[in-house]
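Enquirer: This is the structure I want to talk about, given as structure tokens.
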Amino acid sequence: MAVQTQNLNEHNAKVVVQTFLNALNDEDFDLAKEQLASDMHFKGVMAERKGAEAYIADMQKMKLKYRVQKIFAEGNDVCTWYDIDMAGKTIRCCAWYKIEDEKIKSFEVIFDPRPVL
Numbered sequence: 001m002a003v004q005t006q007n008l009n010e011h012n013a014k015v016v017v018q019t020f021l022n023a024l025n026d027e028d029f030d031l032a033k034e035q036l037a038s039d040m041h042f043k044g045v046m047a048e049r050k051g052a053e054a055y056i057a058d059m060q061k062m063k064l065k066y067r068v069q070k071i072f073a074e075g076n077d078v079c080t081w082y083d084i085d086m087a088g089k090t091i092r093c094c095a096w097y098k099i100e101d102e103k104i105k106s107f108e109v110i111f112d113p114r115p116v117l
């Protein structure tokens with residue numbers, strides 16, 4: 001039974017992240033925000049945000065598009081490998097999402113920012 005529970009948790013965690021990224025792609029910022037814990041924390045290469053309101057406000061301005069290559073999950077941790085377009089350049093990124101109570105509690109994104117500097 002423990003393996004089934006773990007598989008279900010991993011599936012649910014992946015669904016939360018996939019729903020979040022799809023909502024951002026569709027510019028459905030309300031749905032994207034529903035996937036975030038209100039006190040979530042984002043850490044990126046060039047910025048850090050605390051709180052779902054602040055993060056979504058930035059995403060509404062940036063309107064990034066995500067092309068997911070792969071999603072991995074282990075328990076409530078989800079890792080995505082994806083491309084985004086920034087300033088007309090394609091940037092390969094990796095993000096690590098931590099899910100709590102079926103919401104994104106925190107995530108960290110790494111990428112090489114040199115093409116957009």
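The numbering of the sequence shown is full-length UniProt numbering, which starts it at 1 and goes up by one.
The beta-carbon is built from N, C-alpha and C at its ideal position, and this holds for glycine as well.
On a predicted model such as this, the values are computed, not experimentally measured, just so you know.
1. Under 8 Å: do the segment 69-83 and the segment 24-42 share three or more Cβ pairs, one atom per stretch?
2. Could you tell me the alpha carbon to alpha carbon distance between Lys-89 and Asn-9, rounded to whole angstroms?
3. What residue range is occupied by the uninterrupted beta strand (DSSP E) comprising Met-40?
4. Rounded to whole angstroms, what is the Cα-Cα separation between Trp-96 and Phe-42?
5. Out of Tyr-55, Ala-47, Glu-74, state which residue places its alpha-carbon closest to the alpha-carbon of Ile-110.
6. Out of Lys-33, Arg-92, Gln-18, which has the shortest C-alpha to C-alpha gap to Tyr-55?
7. What number of angstroms, rounded off, separates the C-alpha of Phe-29 from the C-alpha of Ala-87?
8. Is DSSP giving Ala-95 helix, strand or coil here?
9. Looking at Val-68: is its Cβ nearer than 7 Å to the Cβ of Ala-13?
10. Does the beta-carbon of Phe-72 have 16 or more other beta-carbons within 10 angstroms, so that it is buried, or is it exposed?
Expert: This is what the structure gives:
1. With a cut-off of 8 Å, the segment 24-42 and the segment 69-83 do not count as touching, because too few Cβ pairs lie within range.
2. Taking the sequence shown and counting its residues from 1, one reaches residue 89 at position 89. Taking the sequence shown and counting its residues from 1, one reaches residue 9 at position 9. One alpha carbon belongs to Lys-89, the other to Asn-9, and they sit about 35 Å apart.
3. Start at 1 with the first residue of the sequence shown, and residue 40 comes out as number 40. DSSP places Met-40 inside the beta strand (DSSP E), whose first and last residues are 36-43.
4. As a first step, residue 96 is located in the sequence shown; it is residue number 96 there, counting from the start. As a first step, residue 42 is located in the sequence shown; it is residue number 42 there, counting from the start. C-alpha separation (whole angstroms): 10 Å.
5. Start at 1 with the first residue of the sequence shown, and residue 110 comes out as number 110. If we check each option's Cα against that of Ile-110, Ala-47 comes out closest.
6. Here the question's residue 55 lines up with position 55 in the sequence shown. Checked all of Lys-33, Arg-92, Gln-18; the closest Cα to Tyr-55 is Lys-33.
7. Here residue 29 corresponds to residue number 29 of the sequence shown, with the count starting at 1. Here residue 87 corresponds to residue number 87 of the sequence shown, with the count starting at 1. Each residue's Cα considered, the two are about 21 Å apart.
8. As a position in the sequence shown, residue 95 is number 95, starting the count at 1. Ala-95 falls in the strand class under three-state DSSP.
9. The count along the sequence shown starts at 1 and reaches residue 68 at position 68. The count along the sequence shown starts at 1 and reaches residue 13 at position 13. In this structure, Ala-13 does not lie closer than 7 Å to Val-68 by Cβ.
10. The residue given as residue 72 occupies position 72 in the sequence shown. Counting the other CB atoms within 10 Å of its CB gives Phe-72 a total below 16, which places it among the exposed residues.
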